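If you read the protein sequences in the order shown, they are chains A and B. For the first sequence, the numbering used here begins at 1 and goes up steadily by one. For the second sequence, the numbering used here begins at 1001 and goes up steadily by one. Just so you know, even glycine gets a beta-carbon here, dropped at the ideal spot from N, CA and C. Nothing here was measured: the structure is a model prediction, and the numbers come from that model.
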Amino acid sequence: MKRRDFFLNAVRSATMVGLGGLFASFVHKAKADGKVWQIDPWKCTQCGLCATECVLEQSAVKCVHSFDICGYCRLCTGYFEPQPNSLNTAAENQLCPTGAIFRTFVEDPYYEYTINEPLCVGCAKCVKGCTMFGNGSLHLQIRHNVCVHCNECSIARACPADAIHRVPVDQPYKFKSRGEQV
Amino acid sequence: MNNDSKLNRRSFLGAAGAGLLALTGGLAGCTKRTDNAKTGKSPLDPRFTYDVSQFAHTDPAQLLYQETASIPTGFEDPKCIAVGPNNTLFIGGDRGVKCFDPNGRLQSAITLADKPIALAATGTRICVALKDHLEIFAENGRQLARSEPLGAKTYLTGVADSGQAIFLADAGRREIIHCDANGKLLNRFGHHGDGNPGFVVPSPYFHVLLGDDGLLWVNNPGRHQIEAYTADGRFELGWGAPSMAVEGFCGCCNPVYFTRRPDGKFVTSEKGLNRIKIYDAKGNFEGVVAGPEHLVKDLDLAKKACANCQIGFGFDVACDSAGRVLALDPAAKTVRIFAPKIA
């Protein structure tokens, strides 16, 4: 190896180590204050920016479901198009553009709705349908196994409702629950 | 070092140009992101957006009523409305019930220990449904009776009083509770079976009304129906169908409130797409009292004004002897009065 190549490789390695260290320090800093980013579902206006403003290619924001406040409706406005042809699982009747919600029969006339999170892009279309007509059991949360814990969350910066805040790392979620309902 | 690796003027200018281009692109991207943040509008394709605006407009030919007046309730959280004989208006909210004369002047008030959720006024007494029990008052505000708590899961959202019997709608247990005149529990009914379809009540909007026809009328929101029962709980008939179109009941669970006009016609109120409509005594759609564009002009403002309006909310309705529809607006905290249009 020539001296020139040796120095070039050394500089490259140092750069990579430095960038890695910088990223690690950001992550460490994000968690060092004992807080992480989370959405307050009661402030969220389902504007759709969570799907586009995250630094990740597929947003860390996902739809989650609070089963204890769900009505298990046969005609779920978070699952069905506003005016479905029929109340079945045919693709044209489904609201979710990525097919991320599964509908399973419980007992007449009740159905359970579950989210397939890897398919969810966090667009909040279902959340809006559920919140507008139903109990708002579908809501958005930042998934911390996906989130990269940016120092300044780009979704929080864009959120028009100021619904994204730092929350304690030991209480990283703000799930809706029955007790909060009016 | 050979001459090929030397930086000449051409390659320097080329690299500088490329850098400038990249910088401009980056800045444009940042600006676009800032624009999104400013407008609060997502750049997503429309198929990622929930849009029911096409159903939010009322055909003027179907609009049978016009708004003529409003009465401030003075409540921070108005919950329920009833019209008594002589068009006396009763409004429940916060921790009390207020009585207004037909011109909207406050006549009297009753203080309660908890939030009232539903009211019935017969002229001789006022029945107030609270979360898990019933309280009965004379018109002067003196308490006449109070029921025992009706169960841990009970969440009362409707009350009807015939004078001899009281019927309560329990959204928590999805039942109608039949009580005697003093609020003593006699019977519960409404579960699926024996010809009864069963009540489906996804959210706490469940109401009961005694008709002049001797039937007990109940909204069954999860089935998008108004149903009639005998006093002993036998299902008689039901009408209504789910639809975003104006003739049907929209969303997952509607209507949320209903009442009847003196001529027997039904007045229904829906949440989500706030609509107040008229159906004849057989359930045939007749027209609109007020559409979404009349009832909620700015949803964001309504949400800010009303703690209970973060999810779909409805307007409780009552009718006076002239057929005027009185709608309780939880965001404006007023009673909005709609009178039939004069042809």
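Where does residue i sit, in a helix, a strand or coil, going by DSSP?
i: THR15(A); result: helix
i: GLN1310(B); result: coil
i: ASN1003(B); result: Residue confidence for ASN1003(B) is low, a pLDDT of 47 falling below 50, so the modelled location carries little weight and cannot support an answer.
i: SER154(A); result: helix
i: LEU138(A); result: strand
i: GLN1143(B); result: strand
i: PRO1292(B); result: helix
i: PHE1055(B); result: helix
i: SER1269(B); result: strand
i: ILE1342(B); result: coil
i: PHE67(A); result: helix
i: GLU112(A); result: strand
i: SER1011(B); result: helix
i: LYS1282(B); result: coil
i: CYS1319(B); result: strand
i: LEU1301(B); result: helix
i: GLY1029(B); result: Its pLDDT being 49, under 50, GLY1029(B) is placed unreliably by the model, and the measurement read from it follows with that caveat. Helix, per DSSP.
i: PHE1075(B); result: coil
i: LEU1044(B); result: coil
i: ARG1105(B); result: coil
i: GLY1158(B); result: strand
i: VAL1335(B); result: strand
i: VAL1325(B); result: strand
i: ARG166(A); result: strand
i: CYS50(A); result: helix
i: THR1122(B); result: coil
i: GLU175(A); result: With the sequence shown as reference, residue 175(A) is identified as Phe, and Glu is not the correct amino acid for it. Reduced to three states, the DSSP call for PHE175(A) is coil.
i: GLY1093(B); result: strand
i: VAL36(A); result: strand
i: CYS1099(B); result: strand
i: GLU81(A); result: coil
i: LYS125(A); result: helix
i: GLN58(A); result: coil
i: GLU1148(B); result: coil
i: ARG4(A); result: helix
i: LEU1112(B); result: coil
i: GLY1017(B); result: helix
i: GLN1066(B); result: strand
i: ALA1061(B); result: helix
i: PRO1330(B); result: coil
Nearest CA to the CA of residue i: which residue from the options?
i: GLY1287(B); options: ALA1302(B), VAL1208(B), GLU1293(B) and PHE1266(B); result: PHE1266(B)
i: LEU1150(B); options: ALA1165(B), GLY1163(B), ASP1161(B) and GLU1175(B); result: GLU1175(B)
i: GLY1096(B); options: PRO1102(B), PRO1085(B) and SER1108(B); result: SER1108(B)
i: LEU1215(B); options: LEU1064(B), ASN1284(B), PHE1167(B) and ALA1138(B); result: PHE1167(B)
i: PRO1340(B); options: GLY1014(B), TYR1050(B) and ALA1069(B); result: ALA1069(B)
i: PRO1221(B); options: ALA1169(B), SER1243(B), PRO1202(B) and ASP1263(B); result: PRO1202(B)
i: MET132(A); options: ALA1231(B), TYR1050(B) and LEU1237(B); result: TYR1050(B)
i: GLN1054(B); options: ALA1307(B), GLY1291(B) and ALA1322(B); result: GLY1291(B)
i: ALA1118(B); options: ALA1245(B), ALA1160(B), LEU1064(B) and VAL1325(B); result: ALA1160(B)
i: LEU1130(B); options: LYS1079(B), LYS1271(B), PHE1199(B) and ALA1245(B); result: LYS1079(B)
i: VAL1256(B); options: GLY1198(B), ASN1087(B), LEU1273(B) and ILE1126(B); result: LEU1273(B)
i: LYS1271(B); options: ALA1281(B), GLY1283(B), LYS1282(B) and GLY1248(B); result: GLY1248(B)
i: PRO1330(B); options: ALA1015(B), ASP1320(B), ALA1016(B) and LYS1304(B); result: LYS1304(B)
i: HIS1133(B); options: THR1154(B), GLY1123(B) and THR1122(B); result: THR1154(B)
Contact check, residue i vs residue j under 8 Å by CB: the rounded distance?
i: GLY1092(B); j: THR77(A); result: 29 Å between Cβ atoms; not a contact.
i: SER154(A); j: GLU53(A); result: 5 Å
i: CYS50(A); j: VAL36(A); result: At roughly 16 Å, the Cβ-Cβ gap does not stay under 8 Å, so CYS50(A) and VAL36(A) are not in contact.
i: CYS63(A); j: CYS150(A); result: CYS63(A) to CYS150(A), Cβ: 21 Å. No contact.
i: ALA1318(B); j: CYS1309(B); result: In fact, because the Cβ distance is near 20 Å, the residues do not count as touching under 8 Å.
i: SER1269(B); j: ILE1276(B); result: 5 Å
i: SER66(A); j: HIS139(A); result: 7 Å
i: GLY1233(B); j: GLY1190(B); result: 7 Å
i: VAL1052(B); j: PRO109(A); result: Contact doesn't hold; Cβ gap of about 23 Å is too wide.
i: GLU1139(B); j: ARG1336(B); result: Actually they do not touch by this definition, with Cβ atoms about 25 Å apart.
i: CYS147(A); j: SER137(A); result: Not really, about 23 Å apart at Cβ, beyond 8 Å.
i: LEU1156(B); j: ARG1125(B); result: Not a contact, Cβ separation roughly 17 Å.
i: ASN1196(B); j: PHE1258(B); result: Not quite, the Cβ-Cβ distance comes to about 19 Å (not below 8 Å), so this is no contact.
The stretch 1289-1306 of chain B in contact with the stretch 1041-1048 of chain B per 3-pair CB rule at 8 Å: no
4 or more residues per run - each alpha helix (DSSP H) lying fully within the stretch 1168-1222 of chain B: none
At least 3 beta-carbon pairs within less than 8 Å: the stretch 89-105 of chain A vs the stretch 163-181 of chain A: no
Three CB pairs or more closer than 8 Å across the stretch 150-165 of chain A and the stretch 1008-1017 of chain B: no
Inter-stretch contact at 8 Å, needing at least 3 Cβ pairs: the stretch 1137-1152 of chain B / the stretch 1172-1192 of chain B: yes
Stretch-stretch touch, CB-based, cutoff 8 Å, three pairs: the stretch 87-101 of chain A with the stretch 38-48 of chain A: no
Given 8 Å, three or more beta-carbon pairs between the stretch 1195-1214 of chain B and the stretch 1229-1241 of chain B: yes
The stretch 1051-1060 of chain B touching the stretch 1070-1082 of chain B, judged by at least three CB pairs closer than 8 Å: no
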